[in-house]
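Comments concern the structure below.
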Amino acid sequence: MAKCPFAEQLPITGSSGSYTGGVFKIVHHTTEGGSAEGAFAVFKSNRSDPHFTVDASKIYQHIDTDSAARSLRNAPGGLQTNRDRALQIEVVGFAGKTKNKATLKNLARLCRWLEETHNVPLEWPAGAPKPAKNGKDPGGHLRSTEAWTKGGHFGHCHVPENTHWDPAYTKTEVQYLMAAKFDAVGKLTNAQNPAVVALENQPMAMDGDATFEIIADHADVGEAPTTNVKPVNVAPSEELESAARQLEPGVGLCLSGGGYRAMLFHVGSLWRLYEAGQLFTLQRISSVSGGSITSAVLALAWKHLPFDGARAPFEARVVEPIRALARRTLDAEAIIGGILLPGSIGEKVAAAYDKHLFHGATLQELPDAPRFVINATNVQSGVLWRFSKPYMGDYRVGRIEKPDFPIARAVAASSAFPPVLSPLTIELHPAAFKPNSGVDLQRAPFTSDVVLADGGVYDNLGLETVWKRYQTVLVSDAGAKIKPEEEPKQDWPRHAYRVLDLIDNQVRSLRKRALIASYQAKPDDPSKRQGAYWGIGTNYSLYSGRALKLSCAQERIQELASVATRLKRMDDDLQERLINWGYAVTDAALRSYVDPKLNQPKAFPYPSNGV
58 MAKCPFAEQL
68 PITGSSGSYT
78 GGVFKIVHHT
88 TEGGSAEGAF
98 AVFKSNRSDP
108 HFTVDASKIY
118 QHIDTDSAAR
128 SLRNAPGGLQ
138 TNRDRALQIE
148 VVGFAGKTKN
158 KATLKNLARL
168 CRWLEETHNV
178 PLEWPAGAPK
188 PAKNGKDPGG
198 HLRSTEAWTK
208 GGHFGHCHVP
218 ENTHWDPAYT
228 KTEVQYLMAA
238 KFDAVGKLTN
248 AQNPAVVALE
258 NQPMAMDGDA
268 TFEIIADHAD
278 VGEAPTTNVK
288 PVNVAPSEEL
298 ESAARQLEPG
308 VGLCLSGGGY
318 RAMLFHVGSL
328 WRLYEAGQLF
338 TLQRISSVSG
348 GSITSAVLAL
358 AWKHLPFDGA
368 RAPFEARVVE
378 PIRALARRTL
388 DAEAIIGGIL
398 LPGSIGEKVA
408 AAYDKHLFHG
418 ATLQELPDAP
428 RFVINATNVQ
438 SGVLWRFSKP
448 YMGDYRVGRI
458 EKPDFPIARA
468 VAASSAFPPV
478 LSPLTIELHP
488 AAFKPNSGVD
498 LQRAPFTSDV
508 VLADGGVYDN
518 LGLETVWKRY
528 QTVLVSDAGA
538 KIKPEEEPKQ
548 DWPRHAYRVL
558 DLIDNQVRSL
568 RKRALIASYQ
578 AKPDDPSKRQ
588 GAYWGIGTNY
598 SLYSGRALKL
608 SCAQERIQEL
618 ASVATRLKRM
628 DDDLQERLIN
638 WGYAVTDAAL
648 RSYVDPKLNQ
658 PKAFPYPSNG
668 V
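In our numbering, the protein residues as written are 58 to 668.
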């Protein structure tokens with residue numbers, strides 16, 4: 058038995074059998090995936106486990122190194138490369154960009170252990186992997202059967218009978234991987250080695266949205282699909298409109314606003330995604346307003362959720378904390394407190410979120426992947442302000458990198474619906490902003506007192522940050538159905554609410570129409586997207602993939618769609634109906650438009666209540 062002593066043991070589908078011959082060699086893959094968890098889901102689906110997966114925080118071992126892995130393609134009657142003593146490592150990252158430095162450190166440490174344990178030479182018999190050329194396959198890889206008979210290191214690009222071009226390490230990365238040495242606890246022992254120092258000076262791949270962004274998971278781990286990716290026409294953007302953007306073959310989820318109604322509806326949506334194994338394939342979760350409450354709770358629970366869809370941990374870590382909050386009224390309490398006590402109404406809401414859900418957690422406690430983006434509207438600059446682990450800010454004012462900012466305040470800003478809960482002002486130091494990261498407003502007071510309102514004021518589906526990046530867009534929309542009023546109220550507070558509802562409804566309708574049109578576009582249309590939209594007012598009977606055992610009467614659905622947009626206490630029956638409906642309509646949308654092979658659910662999460 059050969060188990061790495063510093064790896065977390067995580068079996069998935071098991072070995073492909075015993076080795077049939079050959080000398081030990083190390084094969085380097087890249088996941089082309091947004092997270093280790095997303096890669097695990099693909100391994101499970103395809104039965105394509107490597108021996109190890111390595112990311113910035115951990116080394117995972119799936120198969121004992123005395124048995125064969127499954128990550129290589131084997132031609133019938135060919136070399137059976139999986140079983141030719143190939144020790145296979147999937148590196149979380151992608152061939153077209155530079156690799157995360159912490160990931161490379163873990164990878165180098167693992168390689169030293171494998172070399173010592175299995176007597177693997179510190180050399181590349183087929184030559185070092187070639188770096189990407191403008192993010193693409195550089196070509197000219199040596200896939201020699203003669204080289205394959207030798208021990209040492211190989212890229213996936215070197216394996217006979219395979220066509221992949223990963224890992225595409227840069228020269229600096231190759232030299233680091235060969236040079237780095239470690240002590241028993243994983244500390245570098247040659248930090249002054251020129252190759253080690255050079256990696257520290259290698260810039261990370263940067264784009265308009267990330268300090269390190271991993272491309273999406275796909276069905277054939279190790280090589281990007283051959284999709285003809287084109288620049289896209291995007292929705293009105295908080296980034297430079299002239300910036301070229303290429304879609305990445307990943308999956309993003311958007312969670313709309315809508316107070317507690319949305320918060321609970323999205324719980325049902327996430328529950329079905331989790332149970333169906335779709336949650337861990339996401340690269341990004343973008344949220345606004347009530348959706349941000351649910352998203353942030355999920356983010357903090359992420360590392361505790363298993364991959365098997367078990368109910369108990371999801372219910373304990375995600376569902377129950379949100380349901381407990383839904384038993385309390387926050388908006389009225391905050392309004393009264395804001396009138397009678399020092400501090401804004403928005404800060405009172407933030408304090409309540411922190412007390413009941415987030416307990417002092419900051420943006421730096423969000424997972425590295427998938428990327429969670431909490432959206433607010435910058436009232437000063439007029440564009441989206443994003444809160445995420447890598448940065449917070451907007452394209453006009455600039456960004457603060459690695460912000461140690463309370464999640465509760467980020468969610469409160471995202472859900473600061475005007476005119477009562479808005480604005481929430483955050484005081485910042487102008488020097489905290491990355492120099493020259495803003496286009497035209499990187500100066501005080503824009504960088505010292507940032508005035509924020511509900512993210513839904515600008516983008517009430519949370520769509521933009523996903524739409525501009527990924528080929529597959531999933532949208533969970535819990536926006537209220539606006540009702541006609543025979544005699545609109547004349548007093549300014551209620552009249553203002555009515556007008557804001559009308560504006561919200563119009564913006565939502567325009568974005569929804571553009572989204573649906575993109576689903577229906579021809580394959581060569583630059584606006585083309587894959588995915589699914591489901592709404593709280595959707596007619597369930599129109600879905601071809603609806604579950605036969607989930608009864609969802611339209612009159613009951615409309616009752617749920619008409620629940621007021623408030624942070625107001627809900628009884629348990631209403632909570633369970635909203636969760637059940639979110640679960641059912643998400644399932645129907647997934648099986649109608651994303652994966653018809655998903656098993657039909659046999660019951661609601663709360664069978665006694667239905668919809």
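From the three backbone atoms N, C-alpha and C, an ideal C-beta is built for every residue, glycine too.
Which value, in whole angstroms, describes the spacing of the CA atoms of residue i and residue j?
i: A537; j: P475; result: 16 Å
i: A64; j: G639; result: 38 Å
i: Y233; j: R140; result: 28 Å
i: L161; j: G455; result: 30 Å
i: L339; j: G90; result: 9 Å
i: D652; j: F661; result: 20 Å
i: E372; j: G197; result: 51 Å
i: M235; j: T138; result: 23 Å
i: L321; j: V80; result: 55 Å
i: A126; j: L478; result: 55 Å
i: A578; j: R648; result: 20 Å
i: V149; j: I457; result: 26 Å
i: L256; j: A159; result: 11 Å
i: L485; j: L312; result: 28 Å
i: V430; j: R329; result: 21 Å
i: L567; j: A426; result: 30 Å
i: G747; j: S505; result: There is simply no residue 747 to check, as the chain begins at 58 and stops at 668 in what is shown.
i: P62; j: Q421; result: 28 Å
i: F97; j: I69; result: 7 Å
i: H215; j: A185; result: 9 Å
i: H361; j: L355; result: 10 Å
i: A618; j: G325; result: 14 Å
i: G71; j: I120; result: 6 Å
i: D266; j: D223; result: With a pLDDT of only 34 at D266, under 50, the local geometry of the prediction cannot be trusted, and the value read off the model is given with reservation. Cα to Cα, D266 sits roughly 24 Å from D223.
Give the DSSP-derived three-state secondary structure of residue i in the structure shown.
i: F211; result: strand
i: S665; result: coil
i: S649; result: helix
i: A281; result: Confidence is the limiting factor: at A281 the pLDDT is only 28, short of 50, which leaves the residue's position unreliable, though a coordinate-based value still follows. Coil.
i: S619; result: coil
i: I146; result: strand
i: E65; result: strand
i: K360; result: helix
i: V216; result: coil
i: G588; result: strand
i: T351; result: helix
i: Y527; result: strand
i: L635; result: helix
i: E203; result: helix
i: T386; result: coil
i: S566; result: helix
Check for me: the beta strand (DSSP E) holding residue i runs from which residue to which?
i: E305; result: 305–312
i: L509; result: 506–511
i: G341; result: According to the sequence shown, residue 341 is Arg rather than Gly. Taken as a continuous stretch (DSSP letters only), the beta strand (DSSP E) holding R341 covers 341–345.
i: T110; result: 109–111
i: A319; result: A319 -> not in any beta strand (DSSP E); alpha helix (DSSP H) instead, spanning 316–332.
i: I116; result: 116–118
Which residue comes first and which comes last in the alpha helix (DSSP H) that contains residue i?
i: H175; result: 158–175
i: I457; result: Premise fails: I457 lies in the beta strand (DSSP E), 455–458, not in any alpha helix (DSSP H).
i: T229; result: 228–236
i: L382; result: 377–383
i: A252; result: 251–258
Leaving out five residues before and five after residue i in sequence, what residues of the same chain have Cβ atoms less than 7 Å from its Cβ?
i: R623; result: G316, Y317, D388
i: C168; result: I83, L234
i: V564; result: N517
i: R613; result: V668
i: E616; result: none
For residue i, I'd like the list of residues in its chain whose CB is within less than 6 Å of its CB, leaving aside the five on either flank, ordered along the chain.
i: H210; result: I83, W181
i: A276; result: Summary for A276: the model assigns pLDDT 27, below 50, so the residue's position carries little reliability, and this model does not support an answer.
i: P460; result: L420, M449
i: G513; result: G314, V345, S346
i: E298; result: Caution is warranted here: a pLDDT of 30 is assigned to E298, below 50, making its placement in the model unreliable, and no coordinate value can be reported.
Under 8 Å Cβ to Cβ from residue i, same chain only, skipping five residues before and after it: list those, please.
i: L572; result: L518, L520, W524, V530, V532, R586, Y590
i: N219; result: L129, R130, T138, R200, H213
i: L397; result: Its pLDDT being 40, under 50, L397 is placed unreliably in this model, and the coordinates cannot settle the point.
i: T268; result: Confidence at T268 is low in this model, with a pLDDT of 27, below 50, so its placement is unreliable and the value that follows should be read with caution. Cβ neighbours of T268 beyond the five flanking positions: M261, P447, Y448, E458.
Inset, instruction - Give, in chain order, every unbroken run of the alpha helix (DSSP H) that is at least 4 residues long and sits entirely within the region 73–98. - result: none
Inset, instruction - May I have a chain-ordered list of the beta strand (DSSP E) segments no shorter than 3 residues that lie completely inside the region 400–480? - result: 428–435, 441–444, 448–451, 455–458
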